[in-house]
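Enquirer: Order-wise, the sequence lines are chains H and V. Position one of the first sequence corresponds to residue 211 (the working numbering), numbered consecutively onward. Position one of the second sequence corresponds to residue 211 (the working numbering), numbered consecutively onward. Ideal placement from N, C-alpha and C gives every residue a C-beta, glycine not left out.
There are 2 protein chains.
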Amino acid sequence: MRKPRRDRYHHGDLKRALTAAARALLERDGPEAISFRAIAREIGVSQTAPYNHFQSKEDLMATLAAVGFCELEASQLAAAAAARPGRERLAALGADYVGFALKHPQLYRLMFGVGISDWSAHPHARDAKRASCRPIRDTLAEHLGDDGNARTDAIDTAAVAAWCLVHGLSALLIDKSLDIAKRGGQRALTDRVVSLFVAGLDLR
Amino acid sequence: MRKPRRDRYHHGDLKRALTAAARALLERDGPEAISFRAIAREIGVSQTAPYNHFQSKEDLMATLAAVGFCELEASQLAAAAAARPGRERLAALGADYVGFALKHPQLYRLMFGVGISDWSAHPHARDAKRASCRPIRDTLAEHLGDDGNARTDAIDTAAVAAWCLVHGLSALLIDKSLDIAKRGGQRALTDRVVSLFVAGLDLR
Chain H
211 MRKPRRDRYH HGDLKRALTA AARALLERDG PEAISFRAIA REIGVSQTAP
261 YNHFQSKEDL MATLAAVGFC ELEASQLAAA AAARPGRERL AALGADYVGF
311 ALKHPQLYRL MFGVGISDWS AHPHARDAKR ASCRPIRDTL AEHLGDDGNA
361 RTDAIDTAAV AAWCLVHGLS ALLIDKSLDI AKRGGQRALT DRVVSLFVAG
411 LDLR
Chain V
211 MRKPRRDRYH HGDLKRALTA AARALLERDG PEAISFRAIA REIGVSQTAP
261 YNHFQSKEDL MATLAAVGFC ELEASQLAAA AAARPGRERL AALGADYVGF
311 ALKHPQLYRL MFGVGISDWS AHPHARDAKR ASCRPIRDTL AEHLGDDGNA
361 RTDAIDTAAV AAWCLVHGLS ALLIDKSLDI AKRGGQRALT DRVVSLFVAG
411 LDLR
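1. If we define contact as Cβ-Cβ less than 8 Å, is V/Leu399 a contact residue for chain H?
2. Would DSSP call H/Asp380 helix, strand or coil?
3. Go ahead and pull the three-state DSSP assignment for H/Ile365.
4. Is there a C-beta anywhere in chain V that falls below 8 Å from the one on H/Lys313?
5. For a minimum of 4 consecutive residues, which ranges assigned as the alpha helix (DSSP H) are wholly contained in the region 224-253 of chain H?
6. Give me the residue from H/Pro345, H/Ala243, H/Leu406 and H/Ala230 with the minimum Cα distance to H/Arg299.
7. Starting from V/Ala348, trace the alpha helix (DSSP H) both ways and give me its first and last residue.
8. Is there a Cβ of chain H sitting closer than 8 Å to that of V/His332, yes or no?
9. Taking H/Phe322 as the query, report the chain C residues whose CB atoms sit under 7 Å from its CB, ordered along the chain.
10. Report, in whole angstroms, the separation of the C-beta atoms of V/Val342 and V/Phe407, which I expect to be a contact under 8 Å.
11. On the DSSP letters alone, give me the boundaries of the alpha helix (DSSP H) that H/Arg393 sits inside.
12. For V/Ser405, does the three-state DSSP call read helix, strand or coil?
13. Where does V/Thr400 sit, in a helix, a strand or coil, going by DSSP?
14. For V/Asp223, count neighbouring C-beta atoms within 10 Å of its own C-beta (all shown protein chains included) and say buried if the count is 16 or more, exposed if not.
15. H/Asp451 by DSSP, collapsed to three states: which one?
16. Counting contacts by CB-CB distance shorter than 8 Å, is H/Gly254 in contact with chain V?
17. Could you tell me the boundaries of the alpha helix (DSSP H) in which V/Thr273 lies?
18. Just tell me which of H/Leu375, H/Ser387 and H/Ile384 has its CA closest to the CA of V/Leu382.
19. Is the CB of V/Gln396 under 8 Å away from at least one CB in chain H?
20. Along the alpha helix (DSSP H) that carries V/Tyr318, what are the first and last residues, could you check?
21. Looking only at its chain, what residues have a beta carbon closer than 8 Å to the beta carbon of H/Lys213, apart from the 5 residues adjacent to it on each side?
22. Can you tell me which of the three DSSP states V/Gly296 falls into?
23. Whose Cβ in chain V lies nearer than 8 Å to the Cβ of H/Lys339?
24. With a threshold of 8 Å between beta carbons, is H/Val370 in contact with chain V?
25. Output needed in chain order: residues of the region 258-291 of chain V with a Cβ under 7 Å from some Cβ in chain H.
26. Can you find the residues in the same chain that come closer than 8 Å, C-beta to C-beta, to V/Ala248, ignoring five residues on each side of it along the sequence?
27. Return helix, strand or coil for H/Val324, following the three-state DSSP convention.
28. Which residues in the same chain have their Cβ closer than 8 Å to the Cβ of V/Pro241, if we skip the five residues on either side of it in sequence?
29. Quick one: is V/Tyr307 buried, meaning 16 or more other Cβ sit within 10 Å of its Cβ, or exposed?
30. Could you give the C-beta distance for H/Phe310 and H/Ser285, rounded to a whole number, given that I count them as a contact under 8 Å?
31. What is the DSSP secondary structure of H/Val308, reduced to helix, strand or coil?
32. Thinking V/His314 and V/Glu252 are a contact (beta carbons under 8 Å), I'd like their distance in whole angstroms, please.
33. Within 8 Å (strictly less), CB to CB, does V/Leu406 reach chain H?
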């Protein structure tokens with residue numbers, strides 16, 4: 211009797227190999243291309259092997275998204291640490307956020323709605339998503355001054371608005387809704403859009 | 211010989227019926243649920259009938275998206291007409307934009323990237339997308355004052371930023387990334403986010 215091909219892997223190794231194959235496939239062909247069949251084929255194991263490690267395709271997608279959010283948060287924290295406080299740090303966070311999205315466009319599409327229908331079923335991914343926008347919030351709180359309830363509401367609104375701005379810009383750039391060529395490239399446009407927003411804030 | 215069932219439809223009527231069925235299916239179950247098979251089943255015609263009217267599923271999706279953008283533009287124009295010029299009109303456009311997206315979340319997801327891989331293959335949809343953000347741009351131009359090249363660049367940046375803001379907010383609300391309950395509901399949050407942005411603009 212022919213041995214199942216997945217015997218070549220230890221249990222943990224196979225899960226890692228499946229996740230790595232899924233990530234590579236995602237970055238190359240997008241969330242629409244992900245299937246257990248395609249991932250198993252990539253690493254030469256049986257089509258049923260993924261079922262031993264992931265409850266469902268969406269469970270695997272949520273894992274990839276959670277990793278993406280952690281990478282985004284790490285990138286944001288590094289960008290914040292490298293910039294001087296105030297407007298400069300906010301601008302650096304904005305540029306870093308959009309830069310991350312454009313470096314990983316298919317991962318970013320997965321992180322925001324393509325391929326996952328119900329985030330509430332994936333609390334680890336949802337929590338990682340919320341954590342990923344915390345560096346922007348913390349930087350705003352530091353510089354708008356968090357010294358009372360009214361101020362807390364203002365900071366919350368500014369943090370939501372900042373996230374909407376960089377997410378919207380990332381999404382519109384990824385789906386090519388914006389004519390970049392006539393606007394001096396995506397980095398120049400990002401800098402102008404982020405600067406306009408930061409300039410409008412009531413920074414002390 | 212049994213007549214093909216689609217003989218019940220005149221040519222134009224069948225295309226309309228297919229499009230209407232696709233729109234209903236889209237609004238109910240999302241872009242992921244759209245297939246020629248599912249649409250044909252909805253109106254009781256043969257599975258091959260859609261191929262007589264649409265080159266591909268993506269061609270049908272692009273048609274639905276184009277219709278969506280025209281509806282969004284109509285909604286924006288009506289909102290602009292109903293509001294007084296200046297900040298009030300900008301705020302009304304922001305609220306109307308997000309309101310449209312949340313009234314048609316699955317259509318909006320299709321309009322922005324879920325189910326259409328290459329917009330350049332669908333120039334009518336791409337043009338309709340660009341036209342849909344024109345009411346915001348025109349209102350900004352009217353009130354920031356379009357009286358020179360430098361000013362034109364500033365208006366372009368503000369228009370891009372405004373679109374990013376309302377698109378980002380719509381997308382984050384649709385995929386439930388924002389905790390609405392603790393923020394007084396989506397309309398209240400939208401009003402605060404849009405107000406913060408409008409207040410930061412250099413309006414005359």
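Expert: In this structure, then:
1. As a first step, residue 399 of chain V is located in the second sequence; it is residue number 189 there, counting from the start. Closer than 8 Å to some Cβ of chain H, the Cβ of V/Leu399 qualifies, so yes.
2. Counting from one through the first sequence, the residue named residue 380 of chain H turns up at place 170. Here the sequence assigns Ser to residue 380 of chain H, which means Asp is not the residue at that position. Three-state DSSP puts H/Ser380 in a helix.
3. Here residue 365 of chain H refers to the residue found at position 155 when the first sequence is read from its first residue. DSSP places H/Ile365 in helix when its eight states are reduced to three.
4. By one-based count along the first sequence, residue 313 of chain H stands at place 103. So, not an interface residue.
5. Unbroken alpha helix (DSSP H) stretches of 4 residues or longer found wholly inside the region 224-253 of chain H: 246-253, given in chain order.
6. Stepping through the first sequence from its first residue, residue 299 of chain H is reached at position 89. Checked all of H/Pro345, H/Ala243, H/Leu406 and H/Ala230; the closest Cα to H/Arg299 is H/Pro345.
7. On the second sequence, residue 348 of chain V is found 138 positions in, with the first residue counted as 1. Residue identity check: residue 348 of chain V is Asp in the sequence provided, not Ala. It spans Arg344 to Leu354 - the alpha helix (DSSP H) in which V/Asp348 sits, taken as one unbroken run.
8. What you label residue 332 of chain V is simply residue 122 of the second sequence in a count that begins at 1. Not an interface residue.
9. Included in the structure are the protein chains H and V, with no chain C among them.
10. On the second sequence, position 132 is the one that residue 342 of chain V refers to. On the second sequence, position 197 is the one that residue 407 of chain V refers to. Position check: residue 342 of chain V holds Ser in this sequence, whereas Val was assumed. Wrong, their Cβ atoms sit about 19 Å apart, outside the cutoff.
11. The residue given as residue 393 of chain H occupies position 183 in the first sequence. Run containing H/Arg393: none; DSSP gives neither H nor E here.
12. The residue you call residue 405 of chain V lines up with position 195 of the second sequence. The answer is helix: DSSP assigns V/Ser405 an H, G or I state.
13. Within the second sequence, the letter at position 190 stands for residue 400 of chain V. The answer is helix: DSSP assigns V/Thr400 an H, G or I state.
14. For the purposes of this step, residue 223 of chain V is taken as the residue at position 13 of the second sequence. By the 10 Å Cβ count, V/Asp223 comes out exposed.
15. Given that chain H is displayed from residue 211 to residue 414, the structure contains no residue 451 of chain H and the question cannot be resolved.
16. As a first step, residue 254 of chain H is located in the first sequence; it is residue number 44 there, counting from the start. Chain V, which has no Cβ nearer than 8 Å to the Cβ of H/Gly254, makes this no.
17. Taking the first residue of the second sequence as position 1, residue 273 of chain V is located at position 63. Start and end: Lys267 to Ala292.
18. Residue 382 of chain V sits at position 172 when you count from the first residue of the second sequence. Residue H/Leu375 is the option with its Cα nearest to V/Leu382.
19. For this step, residue 396 of chain V is matched to residue 186 along the second sequence. No, V/Gln396 lies away from the interface with chain H (no Cβ there is under 8 Å from its Cβ).
20. By one-based count along the second sequence, residue 318 of chain V stands at place 108. Counting along the chain, the alpha helix (DSSP H) containing V/Tyr318 begins and ends at Pro315 to Met321.
21. Counted from its first residue, the first sequence places residue 213 of chain H at position 3. The pLDDT assigned to H/Lys213 is 47, lower than 50, so where the model puts this residue is not dependable; a value taken from the coordinates is nonetheless given after this. None.
22. Indexing the second sequence from 1 puts residue 296 of chain V at position 86. Here DSSP, grouped into helix, strand and coil, assigns V/Gly296 to coil.
23. Sequence index remark: in the first sequence, residue 339 of chain H carries index 129 (1-based). The contacting residues are Ser387.
24. Counted from its first residue, the first sequence places residue 370 of chain H at position 160. True, the Cβ-Cβ gap to chain V drops below 8 Å.
25. none
26. The residue you call residue 248 of chain V lines up with position 38 of the second sequence. If we look at V/Ala248 and ignore the five residues flanking it on each side, its Cβ neighbours are Leu235.
27. For this step, residue 324 of chain H is matched to residue 114 along the first sequence. H/Val324 falls in the coil class under three-state DSSP.
28. Along the second sequence, one-based indexing puts residue 241 of chain V at 31. Correct list, in chain order: Met271, Gln316, Arg319, Leu320, Val324 and Gly325.
29. Position 97 of the second sequence, counted from the start, is the residue given in the question as residue 307 of chain V. Result: buried.
30. For the purposes of this step, residue 310 of chain H is taken as the residue at position 100 of the first sequence. For the purposes of this step, residue 285 of chain H is taken as the residue at position 75 of the first sequence. Sure, about 5 Å apart at Cβ, within 8 Å.
31. As a first step, residue 308 of chain H is located in the first sequence; it is residue number 98 there, counting from the start. Three-state result, H/Val308: helix.
32. Position 104 of the second sequence, counting from 1, holds the residue named residue 314 of chain V. Position 42 of the second sequence, counting from 1, holds the residue named residue 252 of chain V. That belief does not hold up - the Cβ atoms of V/His314 and V/Glu252 are roughly 19 Å apart, past 8 Å.
33. Here residue 406 of chain V corresponds to residue number 196 of the second sequence, with the count starting at 1. True, the Cβ-Cβ gap to chain H drops below 8 Å.
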